[in-house]
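I have placed the structure first, in the form of structure tokens, so that the comments after it can refer back to it.
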Amino acid sequence: MKHVLETLEQRREAARLGGGQARIDAQHKRGKLTARERIELLLDHGTFEEYDMFVQQRCVDFGMDKAEKIPGDGVVTGWGTVNGRTVYVFAKDFTVYGGSLSETHAQKITKIQDMALKNRAPIIGLFDAGGARIQEGVAALGGYGEVFQRNVLASGVIPQISLIMGPCAGGDVYAPALTDFIFMVRDTSYMFVTGPDVVKTVTNETVTAEELGGASVHTTKSSIADRAYDNDVEALLQMRRLIDFLPASNRDSVPEWPSFDDSARIDASLDTLVPDNPNKPYDIKELIHKVADEGDFFEIQEAHARNIVTGFGRIEGRTVGFVANQPMVLAGVLDSDASRKAARFVRFCDAFNLPIVTFVDVPGFLPGTAQEYGGLIKHGAKLLFAYAEATVPKVTIITRKAFGGAYDVMASKHLRGDVNYAWPSAQIAVMGAKGAVEIIFRADMADAEKIAERTKEYEERFLSPFVAAERGYIDEVIMPHSTRRRIARALAMLRHKELENPWKKHDNIPL
Ligand code: HXC
Numbered sequence: 178m179k180h181v182l183e184t185l186e187q188r189r190e191a192a193r194l195g196g197g198q199a200r201i202d203a204q205h206k207r208g209k210l211t212a213r214e215r216i217e218l219l220l221d222h223g224t225f226e227e228y229d230m231f232v233q234q235r236c237v238d239f240g241m242d243k244a245e246k247i248p249g250d251g252v253v254t255g256w257g258t259v260n261g262r263t264v265y266v267f268a269k270d271f272t273v274y275g276g277s278l279s280e281t282h283a284q285k286i287t288k289i290q291d292m293a294l295k296n297r298a299p300i301i302g303l304f305d306a307g308g309a310r311i312q313e314g315v316a317a318l319g320g321y322g323e324v325f326q327r328n329v330l331a332s333g334v335i336p337q338i339s340l341i342m343g344p345c346a347g348g349d350v351y352a353p354a355l356t357d358f359i360f361m362v363r364d365t366s367y368m369f370v371t372g373p374d375v376v377k378t379v380t381n382e383t384v385t386a387e388e389l390g391g392a393s394v395h396t397t398k399s400s401i402a403d404r405a406y407d408n409d410v411e412a413l414l415q416m417r418r419l420i421d422f423l424p425a426s427n428r429d430s431v432p433e434w435p436s437f438d439d440s441a442r443i444d445a446s447l448d449t450l451v452p453d454n455p456n457k458p459y460d461i462k463e464l465i466h467k468v469a470d471e472g473d474f475f476e477i478q479e480a481h482a483r484n485i486v487t488g489f490g491r492i493e494g495r496t497v498g499f500v501a502n503q504p505m506v507l508a509g510v511l512d513s514d515a516s517r518k519a520a521r522f523v524r525f526c527d528a529f530n531l532p533i534v535t536f537v538d539v540p541g542f543l544p545g546t547a548q549e550y551g552g553l554i555k556h557g558a559k560l561l562f563a564y565a566e567a568t569v570p571k572v573t574i575i576t577r578k579a580f581g582g583a584y585d586v587m588a589s590k591h592l593r594g595d596v597n598y599a600w601p602s603a604q605i606a607v608m609g610a611k612g613a614v615e616i617i618f619r620a621d622m623a624d625a626e627k628i629a630e631r632t633k634e635y636e637e638r639f640l641s642p643f644v645a646a647e648r649g650y651i652d653e654v655i656m657p658h659s660t661r662r663r664i665a666r667a668l669a670m671l672r673h674k675e676l677e678n679p680w681k682k683h684d685n686i687p688l
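In my numbering, the protein residues as written are 178 to 688.
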């Protein structure tokens, strides 16, 4: 018996070495951890249960039948816990054929995907891989197809998170693209469908891997990645933090953590957050931080479309999604990027039963040919659609401007906002005073005195929350300092909200 126990331990030892010490050293030299080291950091200590450690590739082409059979075949899979809650995980092992995906490698991933879906818990993929195992040809492509299909079926049922921790090409970018969130590690990770060499051949562009698909590109320009971190350790610890915000599935309740932050906490500084000058910016994140429990806010897409802020926080220990126009960037205007960013976030919250708290200070949609040619109508409609279809509790606070179509879009009463408050500084109107007066009093434009009078009249009548409040579009005009208490009470009241959309196979959001 002792002998077989020793044999098992030896086989395990060999499997844990992956592609061998030299490749592990090379991985470390590049500032990257190995797949198993990453899993250790991601999960609670000692909770990882590894599956399929002895699975080997079965390819016979291109001399692969004679190649060394490396147990595990380039991916480490299993499950464990994050702060006591179950998560499934797979981590590409770059030391084995560059983490490339073979038929058996794919089977290991799909087994974990199936378990995560059946048992309703989040799945996290740690990517560091060269795409399809070239020697396996169509068997590898088929393997990716199986992974993709499961990504899609799990979408909206369990949270799926991808963390890019090395080079990722081909199928290793499309699988993450189907998940809810993508995070990257700066300087060591990049993602592209085809690498710099292919780009050079096809388009004659000379571009580095970093320029083509590094974290700075994907967090700012392309918006493929939701955030980037400086190194593996920071990224993995932040994934633990994110998991704490997320429910295990679309049927599970919102996670609740102990909070020592009084939900009735008054913040007098909010009474002076909005400047007297309506054209002066202020930082909407200050409001989010002052409203959320312990100021804890996990921002999503921090570096992209910064004119809108999205992310998770908690009120009374329970997760909420915050969406807020940011007056500090482009005056908080809604453009195509901001609309798409917020729409995706709102849909995630709705899919996973997370209440949405919206802070509104928006001068409207961004005018101009660049936006119109870029499809602003369709992209703006995405956000409108997302808010309108959402059935989760929706609490909206207008802090300052809510102009034009953007007023409607930003979780207004008309889109089934449950509780709609405004600060006394709110201005709810079709447009600002200058634009309005120029249009409706065009005949008086030559008379400066008359125009000044008309402008004042417009400002007094329309640039306030009261016209909307008179119609019941705003439930109450509240004191800024009591915002946290008002939101907490609204969310408590809405905890058992029931609302269903008409049956449909699925909707047809303007993609
Ligand atoms: C088999 C691979 C491999 C692959 C890397 N390796 N990619 N083996 N299939 N796809 C092996 C290498 O032979 C090498 O083995 C080891 O992994 C490390 O690779 P290096 O090239 O030495 O590392 P590095 O210089 O860091 O470059 C990493 C890389 C590069 C950028 C990922 O290897 C690369 O470009 N690989 C090919 C990427 C690609 O075109 N994949 C196919 C995409 S198509 P040794 O033994 O020397 O350690 C695809 C189809 C699905 O994925 C699409 C579905 C939509």
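The beta-carbon is built from N, C-alpha and C at its ideal position, and this holds for glycine as well.
Residue i versus residue j - alpha carbon distance
i: A567; j: P336; result: 18 Å
i: F639; j: P299; result: 47 Å
i: G494; j: P424; result: 13 Å
i: A563; j: A520; result: 5 Å
i: G195; j: A469; result: 44 Å
i: K462; j: K243; result: 59 Å
i: K681; j: P373; result: 44 Å
i: K209; j: D364; result: 10 Å
i: Y650; j: L389; result: 47 Å
i: A354; j: G251; result: 21 Å
i: H481; j: S393; result: 10 Å
i: I689; j: E637; result: Because the chain here runs from 178 to 688, residue 689 falls outside it and cannot be looked at.
i: N502; j: V510; result: 7 Å
i: A646; j: A331; result: 42 Å
i: H556; j: H683; result: 19 Å
i: F542; j: A583; result: 6 Å
Residue i classed as buried or exposed, judged by whether at least 16 other C-beta atoms fall within 10 angstroms
i: K398; result: exposed
i: Q548; result: buried
i: V375; result: exposed
i: W678; result: Residue identity differs from the one stated: residue 678 is Asn in this sequence, not Trp. With fewer than 16 Cβ atoms within 10 Å of its Cβ, N678 is classed as exposed.
i: M342; result: buried
i: V379; result: exposed
i: M550; result: Note that residue 550 is Tyr in the sequence shown, not Met. Counting Cβ neighbours within 10 Å, Y550 comes out exposed, since fewer than 16 surround it.
i: A366; result: For the record, residue 366 in the displayed sequence is Ser; it is not Ala. Flag for S366 reads buried.
i: I443; result: exposed
i: K578; result: buried
i: K377; result: exposed
i: F239; result: exposed
i: K518; result: buried
i: G594; result: buried
i: R631; result: buried
Residue i versus the options, residue with shortest Cα-Cα distance
i: G308; options: Y459, D460, H205 and E280; result: E280
i: G693; options: K627, N597 and Y635; result: Nothing can be reported for residue 693: it is not among the residues displayed for the chain, which extend from 178 to 688.
i: A283; options: L592, K674, Q326 and R193; result: Q326
i: G498; options: D512, P504 and F525; result: F525
i: I664; options: A625, E217, C236 and F536; result: F536
i: I533; options: V324, P432, V596 and W680; result: V596
i: P458; options: L303, V539 and A565; result: V539
i: V264; options: P248, R235, T224 and V252; result: T224
i: I216; options: G609, S400 and R193; result: R193
i: R662; options: N484, R491 and H205; result: R491
i: A306; options: W256, D349 and F489; result: D349
i: R404; options: M361, G302 and I247; result: M361
i: F231; options: R189, L218, L553 and I575; result: R189
i: M241; options: A558, F475 and Y274; result: Y274
i: F474; options: M587, G488, A412 and T258; result: G488
i: L531; options: H673, E637, V394 and K518; result: H673
i: T272; options: R200, E227, S589 and P570; result: R200
i: G391; options: L413, I401, V410 and M368; result: M368
Contact with chain B by residue i, beta-carbon distance below 9 Å
i: I338; result: In summary, chain B is missing from the structure at hand, where a single protein chain is found.
Residue(s) in a DSSP beta bridge with residue i
i: E227; result: G255
i: G488; result: E476 and F499
i: R648; result: The partner list for R648 (beta bridge, DSSP) is empty, contrary to what the question assumes.
i: E387; result: Paired residue(s): none; E387 is not in a bridge.
i: R262; result: V259
i: M368; result: C345
i: R404; result: F360
i: A268; result: V253 and L303
i: V654; result: A599
Contact test: residue i Cβ vs the ligand SAM heavy atom, cutoff 8 Å
i: G333; result: The ligand SAM is not part of this structure, which contains only the ligand HXC.
* Unbroken stretches of the alpha helix (DSSP H), 4 residues or longer, contained in the segment 447 to 486 -> Here the runs fully enclosed are 461 to 468.
* Asked: Hey, which unbroken runs of the beta strand (DSSP E) at 3 residues or more fall wholly within the segment 328 to 355?
  -> If we require 3 residues or more, the beta strand (DSSP E) runs fully inside the segment 328 to 355 come out as 337 to 346.
* Asked: Curious, which full-length beta strand (DSSP E) runs of at least 3 residues does the segment 533 to 619 contain?
  -> Whole beta strand (DSSP E) segments, 3+ residues: 533 to 539, 571 to 580, 596 to 599 and 604 to 606.
* To do: Identify every run of the beta strand (DSSP E) within the segment 274 to 326, keeping only runs that are complete inside it and at least 3 residues long; order them along the chain.
  => If you keep only unbroken beta strand (DSSP E) runs of at least 3 residues inside the segment 274 to 326, you get 300 to 306.
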